[in-house]
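According to the UniProt record's numbering, the sequence shown is numbered sequentially starting from 1. Heads up, the beta-carbon is just placed ideally off N, CA and C, and yes, glycines get one too.
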Amino acid sequence: MPTARWRKSSYSGGQGGECVEVANVAAVIAVRDSKDPAGPKVTLTASGWCDLARRIKSGEHDLI
(Lines of atoms letter the chains of each structure in order from A; the text may use other names.)
(Lines give C-alpha, C1' and ligand atoms only; values in the text may rest on other atoms or scores of the structure.)
Protein backbone atom coordinates (compact mmCIF):
# COMPACT_ATOMS: atom_id res chain seq x y z
CA MET A 1 0.00 0.00 0.00
CA PRO A 2 2.74 2.45 -0.90
CA THR A 3 0.35 5.11 -2.23
CA ALA A 4 -2.00 5.00 0.75
CA ARG A 5 -2.59 8.25 2.63
CA TRP A 6 -2.47 7.20 6.29
CA ARG A 7 -4.22 9.25 9.00
CA LYS A 8 -4.13 9.21 12.80
CA SER A 9 -6.87 10.17 15.19
CA SER A 10 -6.74 13.70 16.58
CA TYR A 11 -7.04 11.96 19.99
CA SER A 12 -3.73 10.11 19.61
CA GLY A 13 -0.99 10.84 22.11
CA GLY A 14 1.43 13.70 21.57
CA GLN A 15 4.30 11.33 20.84
CA GLY A 16 2.28 9.59 18.13
CA GLY A 17 3.43 6.13 19.17
CA GLU A 18 0.33 4.72 20.80
CA CYS A 19 -2.31 4.72 18.13
CA VAL A 20 -3.49 3.13 14.95
CA GLU A 21 -3.54 4.73 11.53
CA VAL A 22 -6.19 4.25 8.87
CA ALA A 23 -6.21 4.69 5.10
CA ASN A 24 -8.92 4.42 2.48
CA VAL A 25 -7.44 2.11 -0.13
CA ALA A 26 -9.57 1.20 -3.16
CA ALA A 27 -12.72 -0.46 -1.78
CA VAL A 28 -11.37 -1.19 1.71
CA ILE A 29 -10.23 0.57 4.87
CA ALA A 30 -6.72 -0.41 5.96
CA VAL A 31 -5.59 -0.23 9.61
CA ARG A 32 -2.01 -0.44 10.90
CA ASP A 33 0.02 0.17 14.06
CA SER A 34 1.65 3.61 13.96
CA LYS A 35 4.77 2.21 15.66
CA ASP A 36 5.28 -0.33 12.86
CA PRO A 37 4.20 1.28 9.57
CA ALA A 38 5.92 -1.44 7.53
CA GLY A 39 4.24 -4.18 9.56
CA PRO A 40 0.99 -6.03 8.95
CA LYS A 41 -2.21 -4.26 8.00
CA VAL A 42 -5.82 -5.25 8.63
CA THR A 43 -8.33 -4.48 5.90
CA LEU A 44 -12.06 -4.02 6.40
CA THR A 45 -14.97 -3.23 4.14
CA ALA A 46 -16.55 0.18 4.68
CA SER A 47 -19.46 -1.42 6.53
CA GLY A 48 -17.05 -3.52 8.61
CA TRP A 49 -15.11 -0.37 9.55
CA CYS A 50 -18.32 1.43 10.56
CA ASP A 51 -19.37 -1.55 12.68
CA LEU A 52 -15.96 -1.75 14.37
CA ALA A 53 -15.92 2.00 15.08
CA ARG A 54 -19.43 1.82 16.56
CA ARG A 55 -18.44 -1.09 18.80
CA ILE A 56 -15.27 0.67 19.97
CA LYS A 57 -17.18 3.87 20.76
CA SER A 58 -19.75 1.87 22.75
CA GLY A 59 -16.97 0.33 24.88
CA GLU A 60 -17.59 -3.20 23.62
CA HIS A 61 -13.88 -3.74 22.96
CA ASP A 62 -12.51 -2.10 26.12
CA LEU A 63 -9.81 -4.24 27.69
CA ILE A 64 -10.12 -2.77 31.17
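Relative to the Cα of Cys19, the nearest Cα in the group Val28, Trp6, Ala27 and Arg54 belongs to Trp6. Ala38: not part of any alpha helix (DSSP H); DSSP gives it neither H nor E.
Of the other Cβ atoms in all chains shown, 16 or more fall within 10 Å of the Cβ of Glu21; this residue is therefore buried.
Going by DSSP, Ala23 is part of no alpha helix (DSSP H) but of the beta strand (DSSP E) stretching over Val20 to Val25. In the DSSP assignment, Arg55 falls within the unbroken alpha helix (DSSP H) covering Ala46 to Lys57.
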